[in-house]
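For reference, the structure discussed in these notes is given below.
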Amino acid sequence: MASLGMLYIFVVYAVYSKRTYIAHLGLENTVVVKTSWFNKAQKEKMSINLTPTSFMAEYNYHSYDEDSGTTTTSTNYEICTPGRPSLKLPNGFSRQKVLEVTGLTLQVIEDGYSADLD
């Protein structure tokens, strides 16, 4: 029983210790996303080189639950450069933080809607 308690504490600590960082490397004009677990050194998960045509795309998705009468909205961000694959940023960053770090212009691409009409 004690080992299950220790395992639970370890799993909870692991979940709460995960951090995701976003940074702009000025000299290289690159945006990098890094993560760290257990307060260890950050590891680079993804990066994208920016050009003068790069921009930040914002996608808003609205979902309506008829049973509870509530609407939830999720927002996702991608760094787009024409002619190259885009980079979808992990959830958890605010619009202000993303724009501040990247220095890119924002384009709201589309709003998606879904309704749970069961």
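208 is the number of the first residue of the sequence shown in our numbering; add one for each residue after it. Ideal Cβ positions, reconstructed from N, Cα and C, are used throughout, including at glycine. Note that the coordinates shown come from a computational prediction; the quantities given were computed from them, not determined experimentally.
Annotated three-state conformation of residue 304 is helix, per DSSP. Only buried fits residue 263, as 16 or more other CB atoms lie within 10 angstroms of its CB. Looking at the backbone, the Cα of residue 221 and that of residue 228 are separated by about 17 Å. Beta-bridge partners of residue 295 (DSSP): 285. Here residue 256 is near residue 237, since their CB atoms are less than 7 Å apart.
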